[in-house]
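Participant:
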Ligand SMILES: Nc1ncnc2c1ncn2[C@@H]1O[C@H](COP(=O)(O)OP(=O)(O)OP(=O)(O)O)[C@@H](O)[C@H]1O
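In my numbering, the protein residues as written are 17 to 953.
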């Protein structure tokens, strides 16, 4: 659903022969503002108007179609309704622009450049259909039907129904407020020739007559409608077929001339038509005004029912349609008043907002199928991506192993312990070449490892300090994009990370050496396992998301089993992680116990002059280091205990979930059977999280002062090498950072486990879904009850409405008759006035007072007369004052006049005096209300 405003296009036609002959014609009524293609100014009152499109006389039919009809066409074929309303005085070019009077012969005889909108639209539509058929491999069916209605003197005439032109057409409004017409004769057509044939049949039948202003003037409003029905069947997932139907309508409305009666010198039937035309346009103007008025729109006080024209066009004005008003004007000075009036009318239409919706029908099953296909596609993309990451990871591992071998080989050759060797590498030639090689390898392996890290951060929203330092915060930020755009941007992020890593390659030399330590290999493998696990969790998450989005999946036992299986695999992986941590800790402990005391390394290194010079602070701090070692051992022990508990708890949870899975696979399993098992698992988890909370507190505090543990040895080593020129404080800081990194990893694992066993996903488990379903059923039951009640109420209203509608129709008919009568009556009044003011009748009647009143009326200029009538209306003095004075004079005349004013009030009984005053200020309104006494500007 989207909001769209009514667009307005102004078309100024070229001068016609008559206008050119007029001597006083200056030819500059409308000025096109240079550099402002959407603006014009009208010389009469130097007013500026801005429209969505402005077409000066030299613009061709093709220009008009391309600029403002083509966008509507594009929306129409996509399933949205569209309307074009051609408005303007008679002879201003409405029919010419719309091409509604086109016949196949006229197309053949007239130049192509004169072909109007409808024939162009026909060609456009059928070529589009041909194109679509080819594209969909004939898997789509297209149906086009047309109808042609005429509104003449407030009667709806079905121009294509040759048997019954005056068929009873009803206008229905559905619960969404969308309008449909029933009883309209619609013809299915196969090509543009058929469309034109319908158009010409209707045009011939349309009421046209000659007026002073246009030799073949359309005396009625015409609505030519084209409906497009698209039945498209799509194959999704290579097997499923889904069908959707789009049905959209395009209304081409050629309104009758908007000029004042006087202008056309219409008499008799023509005058009657004029009154009817104007009353329809008046109602249209009222609707446009009301829609443009925010307060009225909110109160839903839109007088659509005041005329059949507005009722038929209800959807196009403030409803479900993209609407364009094509305001046509003449450039001639002689039409200045009418042109200004058209410009004002069109200007008001700009404020209307319509709410357009896609007119699509699709079964629920098909909608779900489409959604499933969409999700499957998403999963396929994810899987491919994960596969790619795994490949990169394997590659990285192989390269790392090769690097380790190289460095180990070098260590053996030198016969030096790791730490000392690392510090000497830069001065050693062999070392240099090794570094060069390892640098090269590390650059590519770091690149890959960063790719993996960056992606895993993308998965879980976490990124450890190490990555942040290497990759840089901008990369970090680039990864923290919204979930929907992440996937699209992933490859860009990877490339970006790669580039950044290449730039940072030089800075990673020390890290290369640090990670080449075999003890670090375990750490790396642990990290990559965590990364893998994060990826896995992402997959799992997307799976759970599917369940969330489609509760119907929960009714499929195989899907539930799949979900539980996913949980199980994740828990297994967690267990594996815990074991790895345990092993890592053990190894570290052993390594620590086998290592020579730190002081002996220092003594050994003391022999190396340059090392001694670069590491003076080490020698000064043996006590601090041994303290740190003890703290590290304590921490390792605590973690090991913690891990053991965690491992056994995970086992218990695993067996509970396994059991639940077996039960869930069995369709006869009830909620009461499943619930206690999962509750038990939840309880174990609660105990587990409580115990880890209490046990982790001392570990965390001890970490603050301790040195690195098993997992942080990588950081330790790198720290040792990097700190050759640093002091002890710097070393400690780095060690603390390494410790906190380790903590992050453990927290990471914990939060992973927490997410799995906290039963977040179980929200979509059958138990919860069962509860949800029961609630949904309750809701449906209540809604049904409410719907039934509404239906009943609606039926009652319908009965009431029916009566009201008949009453409305009667009222409308009465109003039409009254308006016609008033026109005649006003003529009579004028005649009476003439009669009364003639010296003869004045003598005859011999009533000075009345005579003076008539004189006043007679001599009142337009503005004063308008003011007088406003005063009458405002002060509610309609019948009285005038009656008392004129009655004595000519009762019949006054009665008629009075009735005219009463009628004026009646026809607008929905609106207040202010609105009435506004109405009076418009010449059209004055006309249509019979007040032709006022010859407004
Ligand atoms: N842009 C234009 N270029 C050339 N000729 C035009 C243009 N617009 C209108 N005309 C000519 O002006 C005349 C009157 O135009 P048209 O019949 O379209 O007016 P209309 O607004 O539909 O009048 P009515 O309301 O009386 O039906 C026609 O002969 C038409 O060919």
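We treat Cβ as the ideally placed atom computed from N, Cα and C, and that holds for glycine.
#1: Can you tell me where the alpha helix (DSSP H) holding residue 111 begins and where it ends?
#2: Quick one, are the C-beta atoms of residue 269 and residue 100 less than 8 Å apart?
#3: Cα separation between residue 130 and residue 115?
#4: Would you identify the three-state DSSP class for residue 20, choosing helix, strand or coil?
#5: Given 8 Å as the limit, is there contact between the stretch 97-111 and the stretch 334-350, that is, 3 or more CB pairs closer than that?
#6: Measuring from the CB of residue 47, is there a heavy atom of ligand 1 at a distance below 7 Å?
#7: In the DSSP assignment, find the beta strand (DSSP E) that holds residue 104 and state where it starts and stops.
#8: Could you check where the beta strand (DSSP E) with residue 67 kicks off and where it finishes?
#9: Looking at C-beta atoms only, is the number of pairs between the stretch 143-152 and the stretch 383-399 that lie closer than 8 Å three or more?
#10: Mind checking whether the beta-carbon of residue 344 lies closer than 7 Å to any heavy atom of ligand 1?
#11: DSSP on residue 147, reduced to helix/strand/coil?
#12: Does DSSP classify residue 55 as helix, strand or coil?
#13: Please list the terminal residues of the continuous alpha helix (DSSP H) segment that includes residue 329.
#14: Taking 7 Å as the cut-off, is the beta-carbon of residue 135 closer than that to any non-hydrogen atom of ligand 1?
#15: Following the continuous beta strand (DSSP E) through residue 191, name the residue where it begins and the one where it ends.
#16: Taking all protein chains shown into account, do 16 or more other C-beta atoms lie within 10 angstroms of the C-beta of residue 370, making it buried, or fewer, making it exposed?
#17: Is residue 37 a contact residue of ligand 1, with contact defined as CB to any heavy atom under 7 Å?
#18: Please report the residue range of the alpha helix (DSSP H) in which residue 954 lies.
#19: With a cut-off of 8 Å on the beta carbons, I'd call residue 261 and residue 45 a contact; round off their distance for me.
#20: With residue 176 and residue 214 assumed to form a contact (beta carbons below 8 Å), what rounded beta-carbon distance in angstroms separates them?
#21: Specify whether the stretch 70-81 and the stretch 299-309 touch according to this definition: at least 3 beta carbon pairs, one from each stretch, less than 8 Å apart.
#22: What does the alpha-carbon distance come out to for the pair residue 273 and residue 259?
#23: Write down the C-beta distance between residue 160 and residue 240 rounded to the nearest angstrom, noting that I regard them as a contact closer than 8 Å.
#24: Hey, is the stretch 49-58 in contact with the stretch 133-141, meaning 3+ C-beta pairs nearer than 8 Å?
#25: Look up residue 411 in the DSSP assignment and give the residues it is bridged to.
#26: Could you tell me the boundaries of the alpha helix (DSSP H) in which residue 218 lies?
#27: Run through the DSSP bridge pairs and tell me what residue 163 is partnered with.
#28: How would you write the range of the alpha helix (DSSP H) that residue 78 sits in, first residue to last?
#29: Helix, strand or coil for residue 74? Go by DSSP, reduced to three states.
#30: How would you label residue 173, buried or exposed, when you count the other beta carbons within 10 angstroms and need 16 or more for buried?
#31: By DSSP, does residue 304 sit in helix, in strand, or in coil?
#32: With DSSP run on the structure shown, which of helix, strand or coil describes residue 261?
#33: Looking only at its own chain, which residues have a Cβ that is under 8 Å from the Cβ of residue 710, when we skip the five neighbours before and after it?
#34: Which value, in whole angstroms, describes the spacing of the CA atoms of residue 22 and residue 335?
#35: Check residue 156 in the structure and name its three-state DSSP category.
#36: Looking only at its own chain, which residues have a Cβ that is under 7 Å from the Cβ of residue 200, when we skip the five neighbours before and after it?
Facilitator: So, from the listed chains and residues:
#1: 110-114
#2: yes
#3: 9 Å
#4: strand
#5: yes
#6: no
#7: 98-104
#8: First-last for residue 67: undefined, no H or E at that position.
#9: no
#10: yes
#11: helix
#12: strand
#13: Premise fails: residue 329 is in no alpha helix (DSSP H) and is neither H nor E.
#14: no
#15: From DSSP, residue 191 is part of no beta strand (DSSP E); its letter is neither H nor E.
#16: buried
#17: no
#18: No answer is possible for residue 954: the residues shown for the chain start at 17 and end at 953.
#19: In fact, because the Cβ distance is near 49 Å, the residues do not count as touching under 8 Å.
#20: 6 Å
#21: no
#22: 45 Å
#23: At roughly 13 Å, the Cβ-Cβ gap does not stay under 8 Å, so residue 160 and residue 240 are not in contact.
#24: no
#25: For residue 411, which the question treats as bridged, DSSP gives no partner whatsoever.
#26: 208-221
#27: 241
#28: 77-80
#29: coil
#30: buried
#31: helix
#32: strand
#33: The predicted position of residue 710 is uncertain, since its pLDDT is 44 and thus under 50; a value taken from the coordinates is nonetheless stated next. Same-chain partners within the cutoff: there are none.
#34: 10 Å
#35: strand
#36: 163, 165, 174, 185
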